[in-house]
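Participant: In the numbering used here, the protein residues as written are 1306 to 1451.
All C-beta atoms in this analysis are idealised placements derived from N, C-alpha and C, irrespective of residue type, glycine included.
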Amino acid sequence: MDDDGEPIIDDRGVVTFAVHDHQGSGGVTLFAGDGGLTTELVIVETHIFVSNSKGDVAHLGVPGILTFGPSGNHTVIGHRDPLFGSTVENLGFYRGFNNRGDVAFNYSLANGVHGIAVARVIPEPASVALAPFALAAFARRRPQHE
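1. Between Ile-1353 and Val-1408, which are expected to be in contact by the criterion C-beta below 8 Å, what is the C-beta distance as a whole number of angstroms?
2. Name, in chain order, the residues that DSSP records as bridge partners for Ala-1363.
3. In the DSSP assignment, find the unbroken beta strand (DSSP E) run with Glu-1412 in it and report its ends.
4. So, for Ala-1368: in the same chain, excluding its five sequence neighbours on each side, which residues have a beta-carbon less than 6 Å away from its beta-carbon?
5. List the endpoints of the continuous beta strand (DSSP E) containing His-1462.
6. If we ignore side chains and look at the alpha-carbon of each, how far apart do Asn-1403 and Ile-1314 end up?
7. What's the call for Thr-1372, buried or exposed, on a 16-neighbour Cβ count within 10 Å?
8. Just curious, the beta strand (DSSP E) that Gly-1397 is in, first and last residue?
9. Comparing alpha-carbon positions, which option in Leu-1414, Gly-1401 and Gly-1366 lies nearest Asp-1386?
10. Which residues does DSSP list as the beta-bridge partners of Gly-1420?
11. Quick one: what does DSSP say Pro-1387 is sitting in, helix, strand or coil?
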C-alpha cells in the first residue's frame, strides 16, 4: 500500500499492492500483477514503496532502500553502510524513484551530517550499479550536544 493504503499502478498497467501479515511474521508482502497471475515480489517490514513505468519497485525496509523488478534486484543503500566518510544511521524514502531507476533519499550519518542524496544508475559493462551522489546544498551538520 502506498501512504494512503491504496494500490499503485504503473504506466504499463501493473498494479503493485501490499498485504499485511497480522498473524504470521507481522511483515508486509508486496505483490504485482497485470490482470493475470499475481507475482509475489518481496517480504518487507514496511509499506513504503513506489513503482516506475518500467515495472521496477523501490522500497524502504529494515535493511535499507532496495529496488527490484525487470531491471534486476539492487540494494541502493543500507543502514550502517559507509557514506561520505561516515556511517548511515537513518534513512528516509517516500516517492523519490524515477523511470531511469534513480532513487532520492534522505540520510543521517553517525558524524552528525544529514541531507538528501540521489543514487543514480550507472551502466557498467556487465551490470548496473547504483552510486549515491550527494546534493551538497542540502547536507548540513547537526549541532553536537555534550
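Facilitator: In this structure, then:
1. Position 48 of the sequence shown, counted from the start, is the residue given in the question as residue 1353. Position 103 of the sequence shown, counted from the start, is the residue given in the question as residue 1408. So it is not a contact: roughly 12 Å between Cβ atoms.
2. Within the sequence shown, the letter at position 58 stands for residue 1363. DSSP lists Val-1355 and Thr-1372 as partners of Ala-1363.
3. To locate residue 1412, count along the sequence shown from 1; it is residue 107. A small fix is needed here, since residue 1412 is Tyr in this sequence, not Glu. Taken as a continuous stretch (DSSP letters only), the beta strand (DSSP E) holding Tyr-1412 covers 1408-1414.
4. Start at 1 with the first residue of the sequence shown, and residue 1368 comes out as number 63. The sequence as given places Pro at residue 1368; Ala does not occur at that position. Here the set comprises Gly-1383.
5. Absent from the model: residue 1462. The displayed extent of the chain is 1306 to 1451, so no value can be given.
6. Along the sequence shown, one-based indexing puts residue 1403 at 98. Along the sequence shown, one-based indexing puts residue 1314 at 9. If I take the Cα positions, the gap works out to 14 Å.
7. Walking along the sequence shown from the start, residue 1372 turns up at place 67. Per the 10 Å Cβ criterion, buried.
8. On the sequence shown, residue 1397 is found 92 positions in, with the first residue counted as 1. Looking at the DSSP string, the run of the beta strand (DSSP E) that includes Gly-1397 is 1391-1397.
9. Against the sequence shown, residue 1386 aligns to sequence position 81. Checking every option, the nearest Cα to that of Asp-1386 belongs to Leu-1414.
10. Residue mapping note: residue 1420 aligns to position 115 of the sequence shown, counting from 1. Looking at the DSSP assignment, Gly-1420 forms a beta bridge with Tyr-1412.
11. Along the sequence shown, read from residue 1 onward, the residue named residue 1387 stands at position 82. Strand at Pro-1387.
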